[in-house]
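At position 116 of the sequence shown the residue is numbered 116 (this note's numbering), and the sequence of numbers has no breaks.
Don't be surprised by glycine CBs; every beta carbon is placed ideally from N, CA and C.
First comes the structure, then the notes that go with it.
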Amino acid sequence: NLQARAKIESHDELGQMAVAFNSMLDRITALVSTEEERDLMQKRLMQFLVLVSEVGKGDLTKRGEVTADMFGNLADGFNLMIARFGQLLKQVREAADRVNKSAGTLRESAGQMSGTARAQAEESVRTLGAVEQLAAGMRQVASTAGASSESAKQVLSATERGNVAVQETVRDMQSIRSAVQRMSKQVKGLGDRSLEISQIVSTIRDIANQTNLLALNAAIEAAGAGEAGARFAVVADQVRKLAESSTQATREIADLVKVIQSETQDAVVAMEHETQAVEAGSASALRTGDVFAEISDIAKRSSELAQNIAGAASDQTASTEKVGRAIKEFTGGAVATQKQTDSTRLTIEDMAKLAEGLNSSVAQFKLV
Numbered sequence: 001n002l003q004a005r006a007k008i009e010s011h012d013e014l015g016q017m018a019v020a021f022n023s024m025l026d027r028i029t030a031l032v033s034t035e036e037e038r039d040l041m042q043k044r045l046m047q048f049l050v051l052v053s054e055v056g057k058g059d060l061t062k063r064g065e066v067t068a069d070m071f072g073n074l075a076d077g078f079n080l081m082i083a084r085f086g087q088l089l090k091q092v093r094e095a096a097d098r099v100n101k102s103a104g105t106l107r108e109s110a111g112q113m114s115g116t117a118r119a120q121a122e123e124s125v126r127t128l129g130a131v132e133q134l135a136a137g138m139r140q141v142a143s144t145a146g147a148s149s150e151s152a153k154q155v156l157s158a159t160e161r162g163n164v165a166v167q168e169t170v171r172d173m174q175s176i177r178s179a180v181q182r183m184s185k186q187v188k189g190l191g192d193r194s195l196e197i198s199q200i201v202s203t204i205r206d207i208a209n210q211t212n213l214l215a216l217n218a219a220i221e222a223a224g225a226g227e228a229g230a231r232f233a234v235v236a237d238q239v240r241k242l243a244e245s246s247t248q249a250t251r252e253i254a255d256l257v258k259v260i261q262s263e264t265q266d267a268v269v270a271m272e273h274e275t276q277a278v279e280a281g282s283a284s285a286l287r288t289g290d291v292f293a294e295i296s297d298i299a300k301r302s303s304e305l306a307q308n309i310a311g312a313a314s315d316q317t318a319s320t321e322k323v324g325r326a327i328k329e330f331t332g333g334a335v336a337t338q339k340q341t342d343s344t345r346l347t348i349e350d351m352a353k354l355a356e357g358l359n360s361s362v363a364q365f366k367l368v
């Protein structure tokens, strides 16, 4: 049947081959002249149609018989086309296999990258929380250090005022000590004067005793003189009485001087005790001043240390906040990387599906 033609069911390589085959049949039909040629051509045509049918079913191992007539040229061209088509399909299958394997590897890598990016994002969020807590703690430290510095300044001011008061107390105690020492010297001088008075009184008492003795002797002599010594006896008696009065007065003065000396000695002892107490108080005040000076130095160093801590805490807070901003940016990048990786993984999966579909299509053909 020279009117038989190949069905054109697609526009791929097989469809193009069917178009070329039909065009060739048209030219061959136009060249047939005798019935014998027509029968031979009919036979060869049927063989070729069977070949085309088997190839059309996907068996690319089939080949046409190459003869010396025009069908031989047709079979040779057809065989060449089928061979090239088979090589193309092999290349397509190999490429699809490579794509499928690469897609699997890429899919696994993309999954790992996505997991890593997700883990990095989660870890970054946790780290960011820790950094924010650290920054809050550093701000609290800076605030506390600032308050400590202010308290230290107040303590320093109070200790300086206390030190000034102690210095004034020391000066007052020194003034009191000087006054007590002067008074002690004056009291000692009074005691010395009382001793001198006692010596004078002793001398007067001796003189009075001698006078009394002389008066007695004079009275005795006057009594022996008779009437002529009567007046002298009166004078001697008055002298004796004066001597007795002087003796009594000296006794009273001596007793008074003894009382003055005793009280003066007591006053001297009391002054010495007061002087010692004043000196002890002055020494205690000096030690208190030294303690205030040490407290002042400690408060000053504490204030400077608190200021340094506050400054360092502020710098650390700024650095921590900077780290926090960097972690936020890193977290955003990790999330974006995760999304991009997930999108890439989906694209790879689509590519793998296309490769599998291509393999399925190629598998329909039987290749050499």
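Looking at G86, S151, A249 and Q154, the one whose alpha-carbon comes closest to that of D206 is A249.
Here V257 has S194, I197, S198 and V201 as same chain residues with Cβ atoms under 7 Å from its own Cβ, once five neighbours each way along the sequence are excluded. Contact annotation: the stretch 82-97 does not touch the stretch 320-331, with fewer than three C-beta pairs closer than 8 Å.
Within a 10 Å sphere around the beta-carbon of I220 sit fewer than 16 other beta-carbons, which makes this residue exposed.
Taking a contact as a CB-CB distance under 8 Å, the pair Q181 and T275 counts as one, their CB atoms being some 6 Å apart.
About 5 Å separates the Cβ atoms of L134 and T320, confirming a contact at the 8 Å cut-off.
The closest CA to that of A336, considering only A121, V235 and V155, is found on A121. Judged by DSSP in its simplified three-state form, A68 adopts coil rather than helix or strand. It is roughly 47 Å from the alpha-carbon of E132 to the alpha-carbon of G289. Residues of the same chain with a CB within less than 7 Å of the CB of G111, apart from the 5 flanking positions on each side, are R345 in chain order. Between A103 and I348 a beta carbon distance of about 5 Å is seen, short of the 8 Å cut, so the two are scored as contacting. Excluding sequence positions up to five before and after E279, its CB lies within less than 7 Å of the CB of R177, all in the same chain and listed in chain order. Short of 7 Å from the beta carbon of L286, and not among the five residues preceding or following it, lie these beta carbons of its own chain, in chain order: V170. Taking C-beta atoms as the reference points, R63 and N73 fail to come closer than 8 Å.
For A142, same chain residues with a beta-carbon under 7 Å away, outside a window of 5 residues either side, are A310, A313, S314 and T317 in chain order. In terms of Cβ geometry, T211 and V239 form a close pair [threshold 8 Å]. By alpha-carbon distance to E160, the top candidate from Q307, E294 and G357 is E294. In this structure, the CA atom of G146 is about 7 Å from the CA atom of A306. Distance check between A215 and each of K241, S23 and A165 places K241 closest, using alpha-carbon atoms only.
The closest CA to that of M81, considering only G137, D237 and A18, is found on A18. Nearest to L213 by alpha-carbon distance, out of L128, D237 and Q186, is D237. The C-alpha of I260 lies about 12 Å from the C-alpha of E252.
Apart from sequence neighbours up to five positions away, the residues of its chain that approach V187 with a beta-carbon distance below 7 Å are T264, A267, V268 and M271, ordered along the chain. Rounded to whole angstroms, the gap between the alpha carbons of M173 and A158 is 22 Å. Between S114 and D342, the C-beta gap is smaller than 8 Å, which places the two residues in contact. Using a Cβ distance threshold of 8 Å, S296 and K153 do not count as a contacting pair.
Per the coordinates, the alpha-carbon of M183 lies some 22 Å from the alpha-carbon of E168. With fewer than 16 other CB atoms across the displayed protein chains lying within 10 angstroms of its CB, V50 is exposed. Looking at the backbone, the Cα of K101 and that of G357 are separated by about 14 Å.
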